[in-house]
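Input: a single structure, listed below in structure tokens.
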Amino acid sequence: MSNIPDELSYTKEHEWIAGLDDGRTVTVGITAFAAEALGDVVFVQLPEVGATVASGDSVGEVESTKSVSEIYAPVGGEITEVNQTVVDDPSLCNSDPYGEGWMFRVRLEGDPEDLLSAEEYTALTSGES
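Each residue of the sequence shown is one higher than the one before, counting from 904 in the numbering used here.
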């Protein structure tokens, strides 16, 4: 099982969120669990900067040698930045999902809902083996 960083928040759709305690802009990526389930990631499509998203919206996709999976916005707000490095090198989703493999940043509108702690996410993913 992959390492699940304690300082992040998670969704049931396997996205992680960083920076909730730092202000109103958060960083979003897919978890190592999701990347492992997908296999070798070969393509990443991300939302456009300036787009307004609602929590739960499909905002992009990750394509692997096995399948295509949607990326969902774990929080509502405005997309302020996308990680062009992960678009250019999708394998970062597999090799560094919690670092260089981040996907996009969102300026929050309202308070996030339905996020999981690392402990809750561990419990969720251990049941999905």
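Ideal placement from N, C-alpha and C gives every residue a C-beta, glycine not left out.
Item	Value
Under the DSSP definition of a beta bridge, which residues are partnered with THR955?	GLU981
For the putative contact between HIS917 and ILE933, defined by C-beta atoms under 8 Å, what is the C-beta separation to the nearest angstrom?	6 Å
Do you know how far the Cα of ALA921 is from the Cα of ASP1014?	14 Å
Roughly how many whole angstroms lie between the Cα atoms of SER1032 and ALA954?	Caution is warranted here: a pLDDT of 44 is assigned to SER1032, below 50, making its placement in the model unreliable, and the coordinate value is therefore given only provisionally. About 35 Å.
I need the DSSP call for GLU1003, collapsed to helix, strand or coil.	coil
Flag this pair as yes or no: are the beta carbons of ARG927 and GLY980 separated by less than 9 Å?	yes
If you drop the 5 nearest sequence neighbours on each side, which residues of the same chain put their C-beta closer than 8 Å to that of LYS915?	ASP1017, LEU1019, LEU1027
What first and last residue would you give for the alpha helix (DSSP H) that runs through THR1025?	1021 to 1029
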